[in-house]
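Report on the following structure.
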Amino acid sequence: MLAYIIRRVAQSILVLLVVGLVAFSMFRFVGDPIDNMLGQERTQADIDRLRTELGLDQPFPVQYFKFLGGAAQGNFGVSYRQGRPVSTIIAERAPATLELAAVSGFLAISIGIALGVFTAIRRDGWVSNVIMTVSLLGVSLPTFLIGILLIYLFSVELDLLPSFGRGEVVDLGWWTTGLLTSSGLKALILPSITLGLYQMTLIMRLVRSEMLEVLRQDYIRFARARGLKERTVNFRHALKNTLVPVITVTGLQLGAIIAFAIITETVFQWPGVGLLFINAIQFVDIPVMAAYLMLISVMFVGINLIVDLLYFWVDPRLRADRGGAH
Amino acid sequence: MSDPVLSVRDLVVEIPTRNAVLRPVDHVSYDIEPGEILGVVGESGAGKSMTGNAVIGLLDRPAAIAGGEIRLKGQRIDNLPYEDMRRLRGKEIGMVFQDPLTSLNPLLQIGDQLTETMLAHLEITETEARTRAIAALDEVGIPAAASRIDSYPHEFSGGMRQRVVIALALCAEPSLIIADEPTTALDVSVQAQIIALLKRLCRERRTAVMLVTHDMGVIAEAADRVAVMYAGRLAELGPVRDVVQSPRHPYTEGLMGSTPLASRGQHRLRQIPGSMPRLGSLPDGCAFHPRCPKAQDRCRANPTPSLDADQGRAACWFPVEQLEDAQ
Ligand SMILES: Nc1ncnc2c1ncn2[C@@H]1O[C@H](COP(=O)(O)OP(=O)(O)OP(=O)(O)O)[C@@H](O)[C@H]1O
Ligand SMILES: [Mg+2]
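In order, the protein sequences belong to chains L and E. Reminder that position 308 of the first sequence reads as 294 in the working numbering, one-by-one numbering, no gaps. Count along the second sequence starting at 1, add 49, and that's the number in the working numbering.
Here you go:
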């Protein structure tokens, strides 16, 4: 077990290094940061001086290793645009994104599983059919369109919910939260639905098809033949077996939620790291872009690792195989 | 004489399809007494499992009971509401399935599966249930039951798992067990052990057993009486010795002929020519007549005479005359 975890962590670090390398090598295609940083009356001497100052004259592998060295110590350099340390800027922005992602993820998982189970148990009911049909919209509409539709309906037409921003936030010193004020909570509703809807429908459809498969299994028939209550059969026997294959996909979707927050944050002008990244691209703010991509990959890899460990926890067959105990 | 545990009268199971209504079970009648083992044999598709599923109330839609009566210890159970029937399952009627590898929930410890079953039916505490679960495992021959109770199904071999399944089916002490091919999926070497176990436990508790199998050896070894099914109907029903040694229905005779049975001194395998008709295209008259060596006009025109559950023997216009029977 421990050996397995160590091996997986080592793999994860390797993946991170490769992702970083690829990302870094693509930055040069985004544009030249110098163009944005110096005004119209720049001289060639200014340009050269700045380029040396930023280390941009060095070959790109050298730049990459310098970046890695700094990143390992939590130092991502200084933003070209804001002139402040990138780590400070990200720390300011991260709570907004993480709160949005957490609420979206929670909605997607809880509602997705609940609806998936419902539509599987009431397979032929009309309510299930309606849910399944509506869910097709969820998987086929692009995120930004859903966001715009929601804004149109709830902000413009009904004037119930704000269309942009995070509302009032409370500063806890190390974290700013919108969860403690009513305007903060209101502001969360539309973006979190927009961000989580695709994942919710995906999880729901997956849970439904897995559950239908499980309900056909012999051990479910046997559980019924033993006279267990329908509730026990569905939730103790069927649901648990359904969730085993669902865990991986759900885990990956959580990663996707954080990554796709970029679009939602842009639509709703949500002051998170996604919006920060979009602005950074326009300005070719390489330190910010690099730090953002690194963080997203750490998140993806970390979630993957947790998903794998969850498998052990849920499925005794894996535990026995890996542990070698018998 | 006591009431039979199970009494099935003119049971009809129907499956409505687009073109026709199929009858996988057609006017089947039989009784099972306390402590008695009724073997049910017949070719694949004869309706053996459908009959068992109808009794325990677990027919898969669209199949449904369309006629007849099922009585358990005198009480009618074929028309009970779902929840009442649920309470009988496990408590009064236990079931053992064919494949022990898939019958147990892979994610639950076997002890939990045992205790949940007992707690669903018996007025006992969790501690008592656990004690009883260990005793139940011990009884079906799981070595070191107290330490194996927290094991998961995958930690047992196929034969051991079928023992666990039997413990589960018997743990609330039902008066009837339906065992649908309980040994078909097992190694030949453990089949006999499982049958012996089932037989011993049911004798001790005077549990009635409906034992579905393809194996005439199992029937000869375990059953008291045999029901032979063909195309949804009972072809023959009688004491095992009579049916095996002097079958009266030509189909039974063919079935015995196609089973290598050392006790009958028969080693050559004879096959019944042809195959069982599909439910949608049953011939008129006796369903067996196209394959029957003795078929006459009467068999082609008239449905078989009905088989009386009390006396048994063959549903056939021209039963095989045996020397022993003629006396
Ligand atoms: N949904 C269905 N639609 C049409 N026919 C069906 C359906 N379900 C079952 N049948 C038919 O019902 C008949 C009885 O099936 P059953 O499972 O009882 O046979 P069996 O005697 O148990 O056979 P086996 O020895 O293979 O287990 C079969 O001919 C089968 O084809
Ligand atoms: Mg069958």
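C-beta: ideal position from N, C-alpha, C; glycine also.
Query                                                                                                                                                                           : Result
At a CB-CB cut-off below 9 Å, which residues of chain E make contact with Asp301(L)?                                                                                            : Pro155, Leu156
Go ahead and label Gln185(L) buried or exposed: buried means 16 or more other beta carbons lie within 10 angstroms of its beta carbon, across all protein chains shown.         : buried
Would you tell me roughly how many angstroms separate the C-alpha atoms of Ala69(E) and Glu63(E), rounded to the nearest one?                                                   : 10 Å
Using 8 Å as the threshold, is the C-beta distance between Met23(L) and Tyr66(L) below it?                                                                                      : yes
8 Å is my cut-off, CB to CB: does Tyr205(L) come that close to chain E?                                                                                                         : yes
Could you check whether the Cβ of Leu71(E) sits closer than 7 Å to any heavy atom belonging to ligand 1?                                                                        : yes
What span of residues does the beta strand (DSSP E) with His76(E) cover, start to end?                                                                                          : 70 to 81
Check each candidate in Ala169(E), Leu121(E), Asp346(E) and name the one with the smallest Cα separation from Asp52(E).                                                         : Leu121(E)
Using a Cβ-Cβ distance under 8 Å, would Lys172(L) count as near chain E?                                                                                                        : no
Hey, would you say the C-beta of Lys97(E) is under 7 Å away from at least one heavy atom of ligand 1?                                                                           : yes
Does the Cβ of Arg274(E) have 16 or more other Cβ atoms within 10 Å, making it buried, or fewer, making it exposed?                                                             : buried
Along chain L, in chain order, which residues have C-beta atoms closer than 8 Å to that of Leu137(E)?                                                                           : Gly213
So, is Asp301(L) buried or exposed, given that buried needs 16 or more other C-beta atoms within 10 angstroms?                                                                  : buried
My assumption, with CB atoms under 8 Å, is that Ala276(L) sits in contact with Phe62(L). Please give the rounded CB distance.                                                   : 7 Å
Where does Ser90(L) sit, in a helix, a strand or coil, going by DSSP?                                                                                                           : helix
Exposed or buried, Tyr138(L), counting other C-beta atoms within 10 Å across all chains shown (16 or more means buried)?                                                        : exposed
In chain L, which residues lie less than 7 Å from Leu217(E) when you measure between Cβ atoms?                                                                                  : Arg212
Can you confirm whether Phe208(L), when its beta carbon is compared against all beta carbons of chain E, has any partner nearer than 8 Å?                                       : yes
Please give the ranges of any beta strand (DSSP E) in the region 5 to 59 of chain L, keeping only runs that are unbroken, at least 3 residues long and fully inside the region. : none
Any chance the region 256 to 263 of chain L sits against the region 68 to 88 of chain L, with 3 or more Cβ pairs inside 8 Å?                                                    : yes
Have a look at the DSSP bridge pairing and note the partners of Ile227(E).                                                                                                      : Met144(E), Met259(E)
Alpha carbon to alpha carbon, how far is Glu222(E) from Lys140(E)?                                                                                                              : 7 Å
Please check if any C-beta of chain L sits within less than 8 Å of the C-beta of Lys97(E).                                                                                      : no
If you follow the beta strand (DSSP E) that Arg282(E) is part of, which residue opens it and which one closes it?                                                               : 282 to 288
Is Ser93(E) near ligand 1, going by C-beta to nearest heavy atom under 7 Å?                                                                                                     : yes
Check the Cβ-Cβ distances between Asn220(L) and every residue of chain E, and say whether any is below 8 Å.                                                                     : no
Are the CB atoms of Leu240(L) and Ile189(L) nearer to each other than 8 Å?                                                                                                      : no
Can you tell me whether Asp204(L) sits near ligand 2, meaning its C-beta is under 7 Å from at least one heavy atom of the ligand?                                               : no
Any beta-carbon of chain E closer than 8 Å to the one on Asn265(L)?                                                                                                             : no
What alpha helix (DSSP H) runs, 4 residues minimum, are completely inside the region 218 to 291 of chain L?                                                                     : 225 to 253, 259 to 269
Along chain L, which residues have their Cβ under 8 Å away from the Cβ of Met278(E)?                                                                                            : None at all; the shortest Cβ gap to chain L is about 21 Å.
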